[in-house]
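Number of protein chains: 4
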Amino acid sequence: MNKNKIFNDPVYGFVSIPYEIIFDLIQHPWVQRLRRISQLGMTHLTYPGATHTRFHHALGALHLMNLSIDVLRQKGAAISGEEAEGASIAILLHDIGHGPFSHALEEKLVAARHEMISIRLLESLNRQFDSRLDLAISIFLDTYPKRFLHQLISGQLDLDRMDYLNRDSFYTGVMEGKIGYDRIIKMLNVVDDKLVVEEKGLASIENFLVARKIMYWQVYLHKTVLAAETMLIAAIQRAKELYLAQNPVVITPPLSVLFEKRWDDPDLQPEILDAFVQVDDVDVMILLKNSLYSDDYLLRTLARGLIQRKLFRVELSNHPQDSSRIEELRQEIAHTFSLDDRQAYTLIFTGREQVEIYSRDQDQILIYGKNGQVRDLNEMADFDFLKQTVIKHYLCYPRLEQ
Amino acid sequence: MNKNKIFNDPVYGFVSIPYEIIFDLIQHPWVQRLRRISQLGMTHLTYPGATHTRFHHALGALHLMNLSIDVLRQKGAAISGEEAEGASIAILLHDIGHGPFSHALEEKLVAARHEMISIRLLESLNRQFDSRLDLAISIFLDTYPKRFLHQLISGQLDLDRMDYLNRDSFYTGVMEGKIGYDRIIKMLNVVDDKLVVEEKGLASIENFLVARKIMYWQVYLHKTVLAAETMLIAAIQRAKELYLAQNPVVITPPLSVLFEKRWDDPDLQPEILDAFVQVDDVDVMILLKNSLYSDDYLLRTLARGLIQRKLFRVELSNHPQDSSRIEELRQEIAHTFSLDDRQAYTLIFTGREQVEIYSRDQDQILIYGKNGQVRDLNEMADFDFLKQTVIKHYLCYPRLEQ
Amino acid sequence: MNKNKIFNDPVYGFVSIPYEIIFDLIQHPWVQRLRRISQLGMTHLTYPGATHTRFHHALGALHLMNLSIDVLRQKGAAISGEEAEGASIAILLHDIGHGPFSHALEEKLVAARHEMISIRLLESLNRQFDSRLDLAISIFLDTYPKRFLHQLISGQLDLDRMDYLNRDSFYTGVMEGKIGYDRIIKMLNVVDDKLVVEEKGLASIENFLVARKIMYWQVYLHKTVLAAETMLIAAIQRAKELYLAQNPVVITPPLSVLFEKRWDDPDLQPEILDAFVQVDDVDVMILLKNSLYSDDYLLRTLARGLIQRKLFRVELSNHPQDSSRIEELRQEIAHTFSLDDRQAYTLIFTGREQVEIYSRDQDQILIYGKNGQVRDLNEMADFDFLKQTVIKHYLCYPRLEQ
Amino acid sequence: MNKNKIFNDPVYGFVSIPYEIIFDLIQHPWVQRLRRISQLGMTHLTYPGATHTRFHHALGALHLMNLSIDVLRQKGAAISGEEAEGASIAILLHDIGHGPFSHALEEKLVAARHEMISIRLLESLNRQFDSRLDLAISIFLDTYPKRFLHQLISGQLDLDRMDYLNRDSFYTGVMEGKIGYDRIIKMLNVVDDKLVVEEKGLASIENFLVARKIMYWQVYLHKTVLAAETMLIAAIQRAKELYLAQNPVVITPPLSVLFEKRWDDPDLQPEILDAFVQVDDVDVMILLKNSLYSDDYLLRTLARGLIQRKLFRVELSNHPQDSSRIEELRQEIAHTFSLDDRQAYTLIFTGREQVEIYSRDQDQILIYGKNGQVRDLNEMADFDFLKQTVIKHYLCYPRLEQ
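Written out as structure tokens, the structure is:
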């Protein structure tokens, strides 16, 4: 079979598959599964174009890796063929551990962050591929000596972020999130084994960070997006409770495994992983559709809200909501929807979101001056406005005016 | 509630909702259902970006309708506010009768073309909206006197086609399918109650038709796309047979109604319609996922092929395949997969696709000369190459070299 | 003649000419002259695509005016047909007083800012057009009661800036300068006769200001751009000196008028204006080309530098250069090019550039909250980073390493 | 000096300079001169964005050459470093012999086609660069054995055409002229020393040819464009006649050399070439500006028409205009403008334009089938509509209705 495959990517034009093993990995059912996991979950309820998938994101990030390796090699960075392949595998598979609807359901479905699941799946794939993923895993885990390769996969200027900003901006149509990824990549270099950006690219970095900020407030934490995500998490949580309490709720077999088993029980892990790779957005969507006429008021309300787009209202605030406000709201809800107090209370959700556009604590972005000096973005006052941690408390509840 | 809503559309920028009734219709569960019906079915298995939905297409076509009405009014066409609203409603709802995976499953799920279902649903919506859809339905059915309004919805240069070419080109990344829709719309006019294109727009019309041709061969009838569609239809057909023969097959309740009932039985229609509007891509996807371990060889093979992207091979030919070729293939398949003759034969699919880029028979495209004369595209020899009917016979079967 | 003209604009698609008087004004030789005045002067020596003209910018700003008026009217702002026409004329002609190579030569060619010349030319056009520009001039001068119309033409968020950021970003290829103009315009509104931006557009405003900042440092004050501009001003200055001292220098007749006459002599003004409207980039370019073999060392050096792209070096600094640095440089130049001290000194240029992305002092940008409150961007700490005045001192001299 | 230079290209993003000699050639005054030669002459009078230059086109074609060489090498074509450099030089310099306003003035200014001048200039550059252009010249002249390299520079699918279609479409805003250059280039291959396109790229080739057709009728032979070009040629012709007859006409010294000398006189060639490389659009523009008040009626009329955009009318016809039509026109012109018969006649221009989108006679486009077979586009009936020679006769004269 011709394995020199080319994909069409509306974002980048053409994306070539650089190595045969990459082609084989893409064919693997676990990677194909990412076709059924939307990149932005329920965001399409707000931005109807945002139906893109983790699969396409993985291919896009792979493309940026190839561009980056070309640039770095041209500038003299020593990257062997094996290392290039390893870095390509690592970026392709960096999201392999994502569950349905991406981040939203991690906590509810498996009590583990997706990075941890990714590692287990990478190890399993490595066995299936005769240890040919050793180097990729080492880069992924940041145990490989040339640490700049890890930085390309996970850091404040990694290719994951670059692709998702590009792609999310493209598919949502929020043009302000567009970044000059080609310019940034052309400005990458390696100094003392660290990824740096040449000084000429400073404006592009500023644009990148501001685009990220804009995408947070316009998309990722948009009130309607937040409402849909909150409702989705609550619906799954409720379905799980009902299922574990042996109430009637129609779910798919692998999802029932995830509901039943405890992740921290070491004996069960193969079974959980096995169920995990069978679950995708379809399992969650059918659960919602099957719950449209559920006897349970809460589950039914949430399912209808998500399927028929009757989204809750979200209020954002710099401070946690005080209890009197919540109590007042509870009463209004009870009155409006003729519910008892307990039921009304289950329809109110609170929580907080924390955003750091540029984190002082993490692996910082380094700027490589024309004079050969390397400066840390942390030290540049011009960027202070991007280094704050913003915390927003949200309050989410059914619209009362309907 | 603020009903002066704006949608982000990556294809057009911003799309405004022009009338309050449009806003209310968009909120209706039957329109929201189009969010779960992909515009291009399984095409994303070939073009990973093509995950866009009928819902977004409907909004896009609505946007083009607003642009067109503005242009036509500026040129003096008499279009009342009521007519503009009616045309907007008609274009918004033109695909309301689409079943899951768009065209693919019409025949198998309901023995009716989507236009017929659309009409039933429009009539029902009209009752729900106190007859406020009367004018829209009249335009839709081409019984309204100003027939150019119907032409904007259904014709060889309608806004449906314009939007789907734009959108499919955008999301697949097949740039050659991009059309100069804004130029075409600026060149529209009405002469003697017929939609015409001003002569200056002739090149844009040629570009539009060639883009359509390219999209057919690059996308709609791409071999892998055709393979996936053939497999999907076969899988549903097989599931239906199994279900009706009372074999175990896990399907959702509304899908079972569509499997059981006969469309042409007038007594059952409300029940069928009621089931129909509950069915979307999710019902089909979960059927495929639930069939991955089916006892039935054929259903299992097709489901795995679609879920894990092991697509069949397609051969296109100008002539029907002769039976000796099929017999030969059957033997190879039986041998390769250790199947008996009957089983092997069920894995071979044949059929034909017919394409007319510009049809001489339908409502033709009229060109409005500077001298005031109206010419028919049929009479222009320059366009002859686009007026042929192309018929391709396909043969679809499992890859033998795996 | 058909005056319902459409222009192709690569930036916006199609730009319609909304009024017949606009069409007639575009035909006027003074507006046609803007076709021969580049928008960004010598910037194309750094960004080769930046060959766009003031003429195209004027049409683009006109297009944005039409979009804005539509949006504001939809939101209920009272804008009569006459006012809309006036605002359209005012934006079309806002740069009518620009001399060749835009800002660069204002000071050297006429001792007047382009806005002053614009007013004189507007008055003259008004006489030629039977006072039909009265309202436009009133808006231009900000004497018209509905002051928001003036804000659309001249303010911190005017359509002039929006078009030039769009256009300069497009033609230079500096994608980071792209702004979401359509979103900003959709968010415009009028409150208490003042232009405001609805709160939902805040991210777009941030993006707009950051884009402006990026364009300043990447394009408008790019070192090579600054070098070319400095050289151009110096060349004209030198040619003028030589001409006034009756040395041989080949210049066009209208340019000689501008060299000879003093702007502040009221008797001469008609003659100066008459010469002014005959001068464009061509007069300056031919002066440079004619000076390639000039006997004057300085003029010859500058002309060759600009024509053959041998651009001087620019150093930017936060402080004025101290005299010892300049003296040192003078000696190196004298040595390298075998010049005497005086000549060497004429090849060194110093000056300063001052940038305010958002000025606290000018007409501020107002944000219109959902609660109906209007806030001033000045009061929002998030934008402080954009409110600083940055002053850069430059030192410009011939490259010594050649 | 850092010679690893990157250019911003709005069309392609970034264009890298691949070899140091390329960098040095770009610095040469003869290449810099292309900055002052517009790619599309007076087309900007119709499409105001079309102000791009031959210089940018040369860089763009260079970029496509680099992409093509990468693709061909990946597919196994043997292209040495020296050959790649040679092909890059050849494409960079392929238009070095273009005179001002591109094709329009070739005939009038020098009685030679630009390719011939190119060769002379290449030879001279080769001497200046110590014979380092030998291989490039050999490729340019098609005397180099690997003939596919020449095909990339000059053929029916060369990178010159690909860049100019891309670029002209981009800058005019005629989106229908956009081609899928990246897809075409990805589909290039070499078979038997000939450039071929893989079968999968057939739709892209059709799109390319139709785009070319559209660009001809929408842009290159647009009536207003044709009018401006005809007027420009006539103006230069008239200026030359006046000059040679010793009438007063202000022209630049190098232009006067081109007017005086005969190209076919071998003794004079160095002098002509020397003058030629000093002439660019500026010399022609200043001639027009200087002729606005010429005593000569014809020259003055043409100059004003071009500078103030009072363009003549053009009629296109499939047949040469008969003499009675011309006589009739002459009388009308004489009457309208109060001219005598002879003068009126000089304002009427006739001529013909011939277009072949795909020429059967030239080096044909070869399609490389999956079965390994190479087919000639000539043999494919689907493309017949693009293989016709279209001849249009034009008649150009002043608008009478003014």
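Chains as they are written, first to last, in this note's numbering: chain A, 1 to 402; chain B, 1001 to 1402; chain C, 2001 to 2402; chain D, 3001 to 3402. Built from N, CA and C at the ideal position, the CB exists for glycine as well.
Residue i versus residue j: straight-line alpha-carbon distance, rounded
i, j, result
"isoleucine 391 (chain A)", "isoleucine 357 (chain A)", "12 angstroms"
"phenylalanine 3007 (chain D)", "leucine 1105 (chain B)", "51 angstroms"
"glutamate 3176 (chain D)", "glutamate 1199 (chain B)", "16 angstroms"
"proline 2029 (chain C)", "glutamate 2379 (chain C)", "46 angstroms"
"methionine 2001 (chain C)", "glutamine 1364 (chain B)", "With a pLDDT of only 38 at methionine 2001 (chain C), under 50, the local geometry of the prediction cannot be trusted, and the value read off the model is given with reservation. Taking the straight line joining both Cα atoms gives about 31 angstroms."
"valine 1986 (chain C)", "arginine 309 (chain A)", "This structure cannot speak to residue 1986 (chain C), because chain C is shown only from 2001 to 2402."
"leucine 1133 (chain B)", "alanine 2050 (chain C)", "52 angstroms"
"lysine 3003 (chain D)", "glycine 76 (chain A)", "At lysine 3003 (chain D) the pLDDT is 48, less than 50, meaning the model places this residue with poor confidence and gives no usable figure here."
"threonine 252 (chain A)", "glutamine 1156 (chain B)", "45 angstroms"
"glycine 173 (chain A)", "aspartate 1009 (chain B)", "6 angstroms"
"leucine 1064 (chain B)", "leucine 1159 (chain B)", "6 angstroms"
"valine 190 (chain A)", "glutamine 3237 (chain D)", "60 angstroms"
"leucine 400 (chain A)", "arginine 313 (chain A)", "9 angstroms"
"glutamine 151 (chain A)", "isoleucine 91 (chain A)", "11 angstroms"
"proline 1048 (chain B)", "methionine 42 (chain A)", "19 angstroms"
"lysine 194 (chain A)", "glutamate 83 (chain A)", "16 angstroms"
"phenylalanine 1276 (chain B)", "leucine 1258 (chain B)", "7 angstroms"
Of the listed residues the options, nearest to residue i (C-alpha basis)
i, options, result
"lysine 178 (chain A)", "A:Leu62, A:Arg35, A:Asn371, A:Met215", "A:Met215"
"glutamine 1331 (chain B)", "B:Ile1348, B:Ala1211, B:Gln1321, B:Asn1318", "B:Ile1348"
"isoleucine 139 (chain A)", "A:Asp130, A:Leu122, A:Leu188, A:Arg127", "A:Leu122"
"glycine 1097 (chain B)", "B:Ser1359, B:Phe1259, B:Val1279, B:Gly1180", "B:Val1279"
"alanine 1058 (chain B)", "B:Leu1034, B:Gln1074, B:Asp1070", "B:Leu1034"
"threonine 2053 (chain C)", "C:Phe2101, C:Tyr2144, C:Arg2161", "C:Phe2101"
"leucine 125 (chain A)", "A:Leu292, A:Ile22, A:Glu229, A:Gly351", "A:Ile22"
Residue i - DSSP class collapsed to helix/strand/coil
i, result
"tyrosine 181 (chain A)", "helix"
"serine 16 (chain A)", "strand"
"valine 1210 (chain B)", "helix"
"glutamate 1403 (chain B)", "Lying outside 1001 to 1402, the shown extent of chain B, residue 1403 (chain B) is not represented and no answer is given."
"aspartate 2009 (chain C)", "strand"
"threonine 346 (chain A)", "helix"
Min CB distance residue i to chain C below 9 angstroms
i, result
"phenylalanine 385 (chain A)", "yes"
Cβ of residue i within 9 angstroms of any chain A Cβ
i, result
"serine 2359 (chain C)", "no"
"lysine 2178 (chain C)", "yes"
9 angstroms Cβ cutoff, residue i in contact with chain B
i, result
"asparagine 2 (chain A)", "Residue confidence is low: asparagine 2 (chain A) scores 45 on pLDDT, short of 50, so the model does not pin down where it sits. No coordinate-derived value is stated."
"arginine 2183 (chain C)", "yes"
"isoleucine 2006 (chain C)", "yes"
Within-9 angstroms CB hit, residue i to chain D
i, result
"glutamate 2020 (chain C)", "no"
"aspartate 2289 (chain C)", "It is lysine, not aspartate, that sits at residue 2289 (chain C) in the sequence shown. Closer than 9 angstroms: yes."
Mind listing, in chain order, the continuous alpha helix (DSSP H) runs of no fewer than 4 residues lying wholly within the segment 1021 to 1071 of chain B? 1029 to 1032
In chain order, which beta strand (DSSP E) runs of at least 3 residues are fully inside the segment 2251 to 2327 of chain C? Counting whole runs of 3 or more residues, the segment 2251 to 2327 of chain C contains the beta strand (DSSP E) stretches 2313 to 2317.
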